[in-house]
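Protein sequences appear in the order of chains A and B. Each residue of the first sequence is one higher than the one before, starting from 1382 at the first, in my numbering. Each residue of the second sequence is one higher than the one before, starting from 1382 at the first, in my numbering. By construction, the Cβ of each residue, glycine as well, lies at the ideal position given by its N, Cα and C atoms.
Protein chains: 2
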Amino acid sequence: MVRKTKQEAQATRELILDAAGTLFQRKGVSHTSLSDIACAAGVTRGAIYWHFENKVDLFNQMHARVHLPIESLSKQTASDAEPDPLDRLRDLLVLILRETVHNPRQRQVLEILFHKCEFICEMGELVERQEALHLEAFARTEQSLRNAIARGQLPADLDARKASITIHSYIRGLLSTWLLLPDSFDLAGEAENLIDACLSMLVHATSLRS
Amino acid sequence: MVRKTKQEAQATRELILDAAGTLFQRKGVSHTSLSDIACAAGVTRGAIYWHFENKVDLFNQMHARVHLPIESLSKQTASDAEPDPLDRLRDLLVLILRETVHNPRQRQVLEILFHKCEFICEMGELVERQEALHLEAFARTEQSLRNAIARGQLPADLDARKASITIHSYIRGLLSTWLLLPDSFDLAGEAENLIDACLSMLVHATSLRS
DNA sequence: CTATACATACGTTCATGTATGTATGTAAAC
DNA sequence: GTTTACATACATACATGAACGTATGTATAG
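Listed below in structure tokens is the structure:
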């Protein structure tokens, strides 16, 4: 069997990415060889080297599949035409927590990023792109907070920058902790409570004001 | 040169651990070979295999050096004889943030744990011990919070368990974010503000009550 | 004299990258 | 509508080097 049609080739590519995701999640990125992936996907290493440059490239392509939805959502949230920016922010944050629990692919990618790979320069784009994504997210949330302040939903002297970083750290900590110890608490069930607690912090904490 | 005195042998052991720490932090655990470590420490692999079973063992021994101070501190904090448990908790949390910034060894170990190693079963004790440490920390903070509730420093109906996990996730998120992007905010300078914000959340957030 | 604290040397196992083989889809030529 | 030619989508085979673990050598401390 050789020379598949373009659709079949695309399916093979997806197969490889799926297998890689599963193995990365279970054994870690650097402890998974291309032979492992090929075997799990039912192909040979030749197929992998056809579709990808090497493991790092394969790893980066993996992330390209899952980022888009959450990013597009967060963008419209930061619009200053939104009449209730604080509630949109709340919706977004709750969604992030819930999706991580219920969307296997998102959970897989986050679990790999948090606990199954090493952030080193050899990973190529990953580190830079991840840093860039964070800074973008900081900025977008900061904008949302400014909009909320302008609409009187948050204290006028709230330091939006500090608050944005605080929120993101909080979310990252929740995800990281839950992905490490999924049985320690019910992330999906408590999502609203956890986010509301965080947002109430923005309202009440005088130490986050300038 | 061979056969050193016991003190010199101990010094060699420390040298190896130091070199390993530096290389793990820079290149990641699995991308650092024992040859790299030996070379950096000015010894041969033979010396490493004399002092340690293998890389995993070496990695685990690394952590044994740095955990103790923060653990002993957190233990006395949870004592119910403490008249001001909330303030002791505050001190502890602020200290954790500051030490991470100013104590190179703590920063190194945390940076490795968060971003330079993979949490997989092949790492041996690491995963289990790390999980155990987390659960202990949850429990201790929960006890501190109960003490604070008993002394009227926190709402009587605060869910201590939820609050404990919330605090730990928050701290973990701050550390993880800062270690990834140290220039994005001043963790040491803002330590008190960040912790006060978190503690004010415990006081005001109704969503953390039972 | 013996155990220690290494250094040296050796064998073996992967994992990687590349080179090559090969059968088929696909499009153009006739 | 065949035939031809070429690119595609892999499989197979090979060469290389890195990293590991172990076995052994060896000088000295105790």
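Self-check item: Coarse secondary structure for residue 1491/A, derived from DSSP in three states
Solution: Taking the first sequence and counting its residues from 1, the one referred to as residue 1491/A is at position 110. Three-state DSSP puts residue 1491/A in a helix.
Self-check item: Contacts that residue 1451/B makes with chain A (C-beta to C-beta distance below 8 Å)
Solution: Residue numbering aside, residue 1451/B sits at position 70 when the second sequence is read from its first letter. Those within 8 Å of residue 1451/B in chain A number zero; the least Cβ separation is about 17 Å.
Quiz item: In whole angstroms, what is the alpha-carbon distance linking residue 1394/B and residue 1422/B?
Solution: As a working note, residue 1394/B is residue 13 in the second sequence. As a working note, residue 1422/B is residue 41 in the second sequence. Approximately 10 Å, taken between the alpha carbons.
Quiz item: For residue 1562/A, which of helix, strand or coil comes out of DSSP?
Solution: Residue numbering aside, residue 1562/A sits at position 181 when the first sequence is read from its first letter. Three-state DSSP puts residue 1562/A in coil, outside helix and strand.
Quiz prompt | Test item: CB-CB of residue 1467/A and residue 1534/A under 7 Å | solution = Indexing the first sequence from 1 puts residue 1467/A at position 86. Indexing the first sequence from 1 puts residue 1534/A at position 153. Yes. Within cutoff.
Practice problem: Tell me whether residue 1539/A sits in a helix, a strand or coil according to DSSP, three-state version. | Solution: Stepping through the first sequence from its first residue, residue 1539/A is reached at position 158. In this structure, residue 1539/A counts as strand in the three-state DSSP scheme.
Quiz item: In its own chain, which residues sit with a C-beta less than 7 Å from the C-beta of residue 1590/A, not counting the 5 before and 5 after it?
Solution: On the first sequence, residue 1590/A is found 209 positions in, with the first residue counted as 1. Excluding residues within five positions, the ones whose Cβ falls inside 7 Å are 1536, 1538, 1539 and 1540.
Practice problem: In the DSSP assignment, find the alpha helix (DSSP H) that holds residue 1443/B and state where it starts and stops. | Solution: In the second sequence, residue 1443/B corresponds to position 62, counting from 1. First-last of the alpha helix (DSSP H) with residue 1443/B: 1436-1445.
Self-check item: residue 1585/B and residue 1585/A closer than 7 Å at C-beta
Solution: Residue mapping note: residue 1585/B aligns to position 204 of the second sequence, counting from 1. Residue mapping note: residue 1585/A aligns to position 204 of the first sequence, counting from 1. In contact: residue 1585/B and residue 1585/A (Cβ atoms closer than 7 Å).
Practice problem: Give the residues from the region 1409-1437 of chain B that approach chain A closer than 9 Å (Cβ to any Cβ), ordered along the chain. | Solution: 1409, 1410, 1411 and 1412
Practice problem: Mark residue 1391/A as exposed unless 16 or more other C-beta atoms lie within 10 angstroms of its C-beta, in which case mark it buried. | Solution: Position 10 of the first sequence, counting from 1, holds the residue named residue 1391/A. Its Cβ having fewer than 16 others within 10 Å, residue 1391/A is exposed.
Quiz item: Who are the near neighbours of residue 1486/B in its chain, counting only those whose CB is closer than 8 Å to its CB and skipping five residues on each side?
Solution: Residue 1486/B sits at position 105 when you count from the first residue of the second sequence. Cβ within range, chain order: 1402, 1446 and 1447.
Self-check item: Beta-ladder partner(s) of residue 1590/B, from DSSP
Solution: Position 209 of the second sequence, counted from the start, is the residue given in the question as residue 1590/B. Answer is 1539/B, bridged to residue 1590/B.
Self-check item: Distance CB(residue 1426/A)-CB(residue 1557/B) smaller than 7 Å
Solution: Indexing the first sequence from 1 puts residue 1426/A at position 45. Indexing the second sequence from 1 puts residue 1557/B at position 176. Cβ distance not < 7 Å, so residue 1426/A and residue 1557/B don't count as in contact.
Quiz prompt | beta-carbon residue 1502/B near the ligand PLP non-hydrogen atom, thresh 6 Å | solution = No copy of the ligand PLP appears in this structure; indeed no ligand is present at all.
Exercise. Using alpha carbons as the reference points, say which of 1436/B, 1514/B and 1574/B lies closest to residue 1498/B.
Key: For the purposes of this step, residue 1498/B is taken as residue 117 along the second sequence, with counting starting at 1. Measuring from the Cα of residue 1498/B, the nearest candidate turns out to be 1436/B.
Quiz item: Along chain B, which residues have their Cβ under 8 Å away from the Cβ of residue 1558/A?
Solution: The residue you call residue 1558/A lines up with position 177 of the first sequence. Within chain B, the residues near residue 1558/A are 1515, 1546, 1549, 1550 and 1553.
Quiz prompt | Member of 1564/B, 1530/B and 1547/B whose CA lies at the smallest distance from the CA of residue 1546/A | solution = To locate residue 1546/A, count along the first sequence from 1; it is residue 165. For residue 1546/A, the nearest C-alpha among the options comes from 1564/B.
Quiz prompt | Alpha-carbon to alpha-carbon, residue 1488/A and residue 1387/A | solution = In the first sequence, the residue the question calls residue 1387/A occupies position 6. In the first sequence, the residue the question calls residue 1488/A occupies position 107. Using only the alpha carbons, I get a separation of about 30 Å.
Quiz item: Comparing the C-beta of residue 1455/B with each C-beta of chain A, is any distance below 7 Å?
Solution: Looking up residue 1455/B in the second sequence gives position 74. Residue 1455/B does not count as touching chain A.
Quiz item: Between which two residues does the alpha helix (DSSP H) harbouring residue 1484/A extend?
Solution: Position 103 of the first sequence, counting from 1, holds the residue named residue 1484/A. Where residue 1484/A is concerned, there is no enclosing alpha helix (DSSP H), given that its DSSP letter is neither H nor E.
Practice problem: Output the distance between the C-alpha atoms of residue 1418/B and residue 1574/A, rounded to the nearest integer angstrom. | Solution: As a working note, residue 1418/B is residue 37 in the second sequence. As a working note, residue 1574/A is residue 193 in the first sequence. Residue 1418/B and residue 1574/A: Cα-Cα distance of roughly 47 Å.
Quiz item: Along the chain, where does the alpha helix (DSSP H) that runs through residue 1417/B open and close?
Solution: Taking the second sequence and counting its residues from 1, the one referred to as residue 1417/B is at position 36. First-last of the alpha helix (DSSP H) with residue 1417/B: 1415-1422.
Exercise. Give the single residue among 1477/B, 1542/B, 1409/B and 1567/B whose Cα lies nearest to the Cα of residue 1500/A.
Key: As a working note, residue 1500/A is residue 119 in the first sequence. Of 1477/B, 1542/B, 1409/B and 1567/B, the residue nearest in Cα terms is 1409/B.
Practice problem: Hey, could you find the ends of the alpha helix (DSSP H) residue 1345/A is sitting in? | Solution: For residue 1345/A there is no data in the structure shown, the boundaries of chain A being 1382 and 1591.
Quiz item: Which bits of chain A does residue 1501/B rub up against, with CB to CB less than 9 Å?
Solution: Locating residue 1501/B in the second sequence gives position 120, counting from the first residue. The answer, in chain order, is 1407, 1408, 1409, 1412, 1496 and 1497.
Practice problem: Would you verify that the beta carbon of residue 1484/A is, or is not, closer than 7 Å to some beta carbon of chain B? | Solution: Mapped onto the first sequence, residue 1484/A falls at position 103. Chain B, which has no Cβ nearer than 7 Å to the Cβ of residue 1484/A, makes this no.
Quiz prompt | Extent of the continuous alpha helix (DSSP H) run through residue 1432/B | solution = As a working mapping, residue 1432/B is identified with position 51 in the second sequence. Run containing residue 1432/B: 1426-1432, per the alpha helix (DSSP H) assignment.
Quiz item: Cβ atoms of residue 1470/A and residue 1598/A: under 7 Å apart, would you say?
Solution: Because chain A here runs from 1382 to 1591, residue 1598/A falls outside it and cannot be looked at.
Quiz item: Which bits of chain B does residue 1444/A rub up against, with CB to CB less than 9 Å?
Solution: Here residue 1444/A refers to the residue found at position 63 when the first sequence is read from its first residue. The contacting residues do not exist; residue 1444/A stays about 16 Å from chain B at best.
Self-check item: Neighbourhood of residue 1400/B by C-beta, 6 Å cutoff - its chain only, sequence neighbours within 5 removed
Solution: In the second sequence, counting from the first residue as 1, residue 1400/B sits at position 19. Closer than 6 Å at Cβ, skipping near neighbours: 1418, 1421 and 1422.
Quiz item: How should residue 1462/B be labelled, buried or exposed, when 16 other C-beta atoms within 10 angstroms of its C-beta is the threshold for buried?
Solution: Working through the second sequence from its first residue, we reach residue 1462/B at position 81. Exposed: under 16 other Cβ atoms inside 10 Å.
Quiz item: When the Cα atoms are used, what is the spatial distance from residue 1579/A to residue 1578/B?
Solution: Stepping through the first sequence from its first residue, residue 1579/A is reached at position 198. Stepping through the second sequence from its first residue, residue 1578/B is reached at position 197. Rounded to the nearest angstrom, the two C-alpha atoms are 10 Å apart.
Exercise. Could you tell me how far apart the beta carbons of residue 1443/A and residue 1398/A are, in whole angstroms, since I believe they sit closer than 8 Å?
Key: Residue mapping note: residue 1443/A aligns to position 62 of the first sequence, counting from 1. Residue mapping note: residue 1398/A aligns to position 17 of the first sequence, counting from 1. Sure, about 6 Å apart at Cβ, within 8 Å.
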